[in-house]
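*Asks:* Protein chains in written order, with numbering that gives the first Met the number 0: chain A, 0 to 560; chain B, 0 to 221.
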Amino acid sequence: MSSTVAPHAAAPRPDLPATDGHAVEPRENYLNVDYGWKSWLLSTDHKRIAVMYLITIMFMILVGGSFAILLRLELATPAGDLLQSETYNKIFTMHGVVMVFFFLIPGIPAVLGNFLVPIMIGAKDLAFPKINLLSYYIFLAGITLTLIAVAMGGVDTGWTFYTPYSSTYANSQVALAAIAVFVTGFSSILTGLNFIVTVHKMRAPGMTWFRLPLFIWAQYATSLIIMLGTPVIAITVALVGLERLFHIGIFDPTYGGDPVLFQHMFWFYSHPAVYIMILPAMGVMSELVTAFSKKRVFGYHIMAFSTLAIAVIGFFVWGHHLFVSGQSTYAGVMFSVITMLVAVPSAIKVFNWVSTMYRGDVWLTTPMCFAIAFLGLFTVGGLTGIFLGAMGFDIHVHDTYFVVAHFHYVMVGGMVTAFFGGIHFWWPKMFGRMYPENMGRISAAIIFIGFNLTFFPQFILGYMGMPRRYHFYPEEWQVLNVLSTAGATLLGTGYLLPMIYLPWSLKFGKVASKNPWGAKGLEWQIDSPPTTFNFDKVPIVTEEAYAYPEGSRHQREAEVV
Amino acid sequence: MSSVDATGLAHHFEDLEQQHESATLGMWAFLITEIMFFGGLFGAYVVYRTMYPEAWENGSKELDVFLGALNTTVLIGSSLTMALAVRSAQHGKNRQVIGFTFLTMVLGFVFLGVKIVEYHAKWEHHLIPGPHFMFEGHLGGHEELFFALYFVMTGTHAFHMIIGAGLMIWVILKAARNEYTPQHHSHVEMIGLYWHFVDIVWIFLFPLLYLLGRHGHASIGH
Numbered sequence: 000m001s002s003t004v005a006p007h008a009a010a011p012r013p014d015l016p017a018t019d020g021h022a023v024e025p026r027e028n029y030l031n032v033d034y035g036w037k038s039w040l041l042s043t044d045h046k047r048i049a050v051m052y053l054i055t056i057m058f059m060i061l062v063g064g065s066f067a068i069l070l071r072l073e074l075a076t077p078a079g080d081l082l083q084s085e086t087y088n089k090i091f092t093m094h095g096v097v098m099v100f101f102f103l104i105p106g107i108p109a110v111l112g113n114f115l116v117p118i119m120i121g122a123k124d125l126a127f128p129k130i131n132l133l134s135y136y137i138f139l140a141g142i143t144l145t146l147i148a149v150a151m152g153g154v155d156t157g158w159t160f161y162t163p164y165s166s167t168y169a170n171s172q173v174a175l176a177a178i179a180v181f182v183t184g185f186s187s188i189l190t191g192l193n194f195i196v197t198v199h200k201m202r203a204p205g206m207t208w209f210r211l212p213l214f215i216w217a218q219y220a221t222s223l224i225i226m227l228g229t230p231v232i233a234i235t236v237a238l239v240g241l242e243r244l245f246h247i248g249i250f251d252p253t254y255g256g257d258p259v260l261f262q263h264m265f266w267f268y269s270h271p272a273v274y275i276m277i278l279p280a281m282g283v284m285s286e287l288v289t290a291f292s293k294k295r296v297f298g299y300h301i302m303a304f305s306t307l308a309i310a311v312i313g314f315f316v317w318g319h320h321l322f323v324s325g326q327s328t329y330a331g332v333m334f335s336v337i338t339m340l341v342a343v344p345s346a347i348k349v350f351n352w353v354s355t356m357y358r359g360d361v362w363l364t365t366p367m368c369f370a371i372a373f374l375g376l377f378t379v380g381g382l383t384g385i386f387l388g389a390m391g392f393d394i395h396v397h398d399t400y401f402v403v404a405h406f407h408y409v410m411v412g413g414m415v416t417a418f419f420g421g422i423h424f425w426w427p428k429m430f431g432r433m434y435p436e437n438m439g440r441i442s443a444a445i446i447f448i449g450f451n452l453t454f455f456p457q458f459i460l461g462y463m464g465m466p467r468r469y470h471f472y473p474e475e476w477q478v479l480n481v482l483s484t485a486g487a488t489l490l491g492t493g494y495l496l497p498m499i500y501l502p503w504s505l506k507f508g509k510v511a512s513k514n515p516w517g518a519k520g521l522e523w524q525i526d527s528p529p530t531t532f533n534f535d536k537v538p539i540v541t542e543e544a545y546a547y548p549e550g551s552r553h554q555r556e557a558e559v560v
Numbered sequence: 000m001s002s003v004d005a006t007g008l009a010h011h012f013e014d015l016e017q018q019h020e021s022a023t024l025g026m027w028a029f030l031i032t033e034i035m036f037f038g039g040l041f042g043a044y045v046v047y048r049t050m051y052p053e054a055w056e057n058g059s060k061e062l063d064v065f066l067g068a069l070n071t072t073v074l075i076g077s078s079l080t081m082a083l084a085v086r087s088a089q090h091g092k093n094r095q096v097i098g099f100t101f102l103t104m105v106l107g108f109v110f111l112g113v114k115i116v117e118y119h120a121k122w123e124h125h126l127i128p129g130p131h132f133m134f135e136g137h138l139g140g141h142e143e144l145f146f147a148l149y150f151v152m153t154g155t156h157a158f159h160m161i162i163g164a165g166l167m168i169w170v171i172l173k174a175a176r177n178e179y180t181p182q183h184h185s186h187v188e189m190i191g192l193y194w195h196f197v198d199i200v201w202i203f204l205f206p207l208l209y210l211l212g213r214h215g216h217a218s219i220g221h
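(1) Are the C-beta of residue 38 of chain B and some C-beta of chain A separated by less than 8 Å?
(2) Considering just the uninterrupted stretch of the alpha helix (DSSP H) at residue 161 of chain B, what are its terminal residues?
(3) Within the 8 Å Cβ cut-off, does residue 431 of chain A reach chain B?
(4) Taking 8 Å as the threshold (beta carbon to beta carbon), is residue 68 of chain B in contact with chain A?
(5) When you compare the CB positions of residue 421 of chain A and residue 111 of chain A, do they come within less than 8 Å of one another, or not?
(6) I'd like to know whether the C-beta of residue 128 of chain B is nearer than 8 Å to at least one C-beta of chain A.
(7) Counting only beta-carbon separations shorter than 8 Å, does residue 80 of chain B have a partner in chain A?
(8) For a contact meaning CB atoms closer than 9 Å, what does residue 149 of chain A contact in chain B?
(9) Can you tell me which residues form a DSSP beta bridge with residue 196 of chain A?
(10) Going along chain B, which residues have a C-beta under 7 Å from residue 256 of chain A?
(11) Since residue 89 of chain B contacts residue 184 of chain B with CB under 8 Å, what's their CB separation in whole angstroms?
(12) Please classify residue 93 of chain B: is it buried, with 16 or more other beta-carbons within 10 angstroms of its beta-carbon, or exposed?
(13) Could you tell me which uninterrupted alpha helix (DSSP H) segments, each at least 4 residues in length, are contained entirely in the region 167–248 of chain A, listed from first to last along the chain?
(14) How about residue 135 of chain A and residue 195 of chain A: are their beta carbons less than 8 Å apart?
(15) If residue 32 of chain B and residue 230 of chain A are in contact, beta carbons under 8 Å, what's the gap, nearest whole angstrom?
(16) Are residue 286 of chain A and residue 364 of chain A touching if we call contact CB-CB under 8 Å?
(17) Interface residues of chain B around residue 247 of chain A at Cβ under 9 Å?
(18) What does residue 561 of chain A pair with, by DSSP beta-bridge criteria?
(19) Does DSSP put residue 372 of chain A in a helix, a strand or coil?
(20) Do the CB positions of residue 128 of chain A and residue 218 of chain A come within less than 8 Å of each other?
(21) Which residues in chain A sit within 7 Å of residue 24 of chain B, going by Cβ to Cβ distance?
(22) For residue 424 of chain A, count the other beta carbons within 10 Å of its own beta carbon; 16 or more makes it buried, fewer makes it exposed. Which is it?
(23) Can you tell me whether residue 463 of chain A is helix, strand or coil according to DSSP?
(24) For residue 104 of chain B versus residue 157 of chain B, is the C-beta spacing smaller than 8 Å?
(25) Classify residue 3 of chain B: buried if its beta carbon has 16 or more other beta carbons within 10 angstroms, exposed otherwise.
(26) Relative to chain B, which residues along the region 114–140 of chain A have a C-beta separation below 9 Å, given in chain order?
(27) When the Cα atoms are used, what is the spatial distance from residue 399 of chain A to residue 465 of chain A?
(28) Please confirm whether residue 186 of chain B has its beta-carbon closer than 8 Å to some beta-carbon of chain A.
(29) Report the partner residues of residue 9 of chain B according to the DSSP bridge assignment.
(30) Applying the 10 Å Cβ sphere with the 16-neighbour rule, what's the burial state of residue 105 of chain A?
(31) What did DSSP end up calling residue 4 of chain A once you bin it into helix, strand or coil?
(32) Comparing alpha-carbon positions, which option in A:175, A:410, A:259 lies nearest residue 562 of chain A?
(33) In terms of DSSP beta bridges, what is residue 399 of chain A paired with?
(34) Counting only Cβ-Cβ distances shorter than 8 Å, please list the residues of the region 188–202 of chain B near chain A, keeping chain order.
(35) Can you check whether the C-beta of residue 163 of chain B is within less than 8 Å of a C-beta belonging to chain A?
(36) Could you tell me the boundaries of the alpha helix (DSSP H) in which residue 117 of chain B lies?
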């Protein structure tokens, strides 16, 4: 199979399922092909690795989530009562480290990407299956090191490891945590590299670049960022580790080192890392919105290019984290302007999703509820990002809860919402069972309400000047903080629900057909769950992505029903 | 489950050509990540060199240009033998692969040996950053920053060479089993690419660390 095949115009379609008939006796698939722990732990099947990642990442979200609950409980009262300052510092640091490096960054690529990238392009596996397994074990090693660091007393620098506090003054497990981040970085790099090669070299005949599902474009762009950014954070935290162990002075002003250089190097990765988190979520969104509007995506090409544009522009905005760090004003102005620029492709995406839904046959399943929640939350997060990109306003709200609320709207409201939407959407494909639909809708609603209740008050608190990373605050801010804590409880409940009913559905859920949603895409043409090599024979692609029938809504409804 | 057939074709590829192309692209992609990795260090170098040109000049003068130049020659020689090993693999001449790869390893170890001699001299002159660092009698200065970067940069480079040598043992073992054929020799080519990359990093390190500071202020733009 060559990678640059011209469309096979006359090629016959591979035998599509005639209807969504009821699944008969389950035939051999990747889940039941063999049992025993070895067949899982040593598997190089991208689908089994995805499942292992899913379980691991779900464990990490529980760890990171419990830290969050502790933080919100402490902030329910103005006085520092539940946690003292040192403990509080460690808890918010570990919340950040666990969530950023072990959930937000690997979440969608390592779980949904691993499972779907080969299937969506018509391949049997990723290009390097063994490296894929290796990346999982490197990820586990990173988690183990982090948990050891937690057990040995934790880290209190904030997830940003700012020098010189982290390199010279902190009395916590900074070196160990730095090594953990370093190690975990290699796991992402290997996943990104695998995706890039797979998308370039493993596409099925007829799967041209502009027939790729937008989810694949998103994974591809994300992989580019991972490859170009992650090595820089690796060397940066390595330098912090060396600084701590050997006092080499690279970030220490006593030796002429410059702590601001650390901030530049850190954000050179960590700002693009924000796009590592959100781009895959945008890819999921494009799949959900088209599948449940039964309509072609509005502006396919511009969607693909805006994905790449975000990846590229995202590398030139890191300085907006340094507006108050002694960066030159001129540099600040440039970074401010480029930051505004990156909002353009993001806005294009939001408008195009809405335009896709417009006059579409919108079907409010659980994944679509999550997708609509994403639209609202991401828009708020994105717009407040423009506020923060404006230097004057940023100086006012720098290091306040306004910033906390902003990035939670993008990360949690955006990435996590899309992650849950995607998990529900592809759940029948991954495990061959339907989840309970009403429970799903209820949890989506609880998450949406709980999320806004948690984080909207924080915008107001931040605007009023409440600084982040403190365990106490003046009494007049208590009402808003109590609202936020109440919202967090609701939000936690919303996230726990799927973690209960999804495993439940593995045994008790309705058996899923090949294509329960009537969606387009190669993954819906194969069995649920797929066989080990995904396709019985290499599929030949003859149509665009999202080739839903054109015409008026009524005509389409006639065809769908 | 990742089964490989007699010709060396893994189950998930259609043919050896696709497999080879994938491996090549993967290796180039990996080298790009390596460039970014070293890029962080080169970035720090540029920043501090601009901030403290005199310290860089003083530090540079402490390095042994002769040994640095010798090592440059050794490393370029090893790139030649590596390229010959790749060529032999392309022709399926496994015995030659063993010979040239072994020679490359030997040259790699000569490089590392010379590096140890250099590091040892720095140790004796109290030029290792840390509590015992001394430069021309005074404790700690911006020269210490130069030596910190010198050790981190050359150390990272040396670490990459050790990894490369490890990979070559693997190539030798495979060649000893006559595994390379004109159709299937991706490993050797990939390790060749890696080795040339490590070589090129040194080609940048040598002038930046050993040579640039030696011509006085003129070269720094005062």
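Just so you know, even glycine gets a beta-carbon here, dropped at the ideal spot from N, CA and C.
*Replies:* Reading it off the structure:
(1) yes
(2) 141–175
(3) no
(4) no
(5) yes
(6) yes
(7) no
(8) Going along chain B, no residue has its Cβ under 9 Å from residue 149 of chain A, so there is no contact; the nearest lies around 27 Å.
(9) Residue 196 of chain A is not bridged to any residue.
(10) 144
(11) 6 Å
(12) buried
(13) 173–200, 213–245
(14) no
(15) 5 Å
(16) no
(17) 128, 129, 143, 144, 146, 147, 148, 150, 151
(18) For residue 561 of chain A there is no data in the structure shown, the boundaries of chain A being 0 and 560.
(19) helix
(20) no
(21) 196, 199, 200
(22) buried
(23) helix
(24) no
(25) exposed
(26) 117, 122, 123, 124, 125, 126, 127, 128, 129, 130, 132
(27) 6 Å
(28) no
(29) B:3
(30) buried
(31) Summary for residue 4 of chain A: the model assigns pLDDT 38, below 50, so the residue's position carries little reliability; its value from the coordinates is reported in the next sentence. Correct three-state label for residue 4 of chain A: coil.
(32) Beyond the ends of chain A as shown, which are 0 and 560, falls residue 562 of chain A; an answer cannot be given.
(33) A:466
(34) none
(35) no
(36) 93–123
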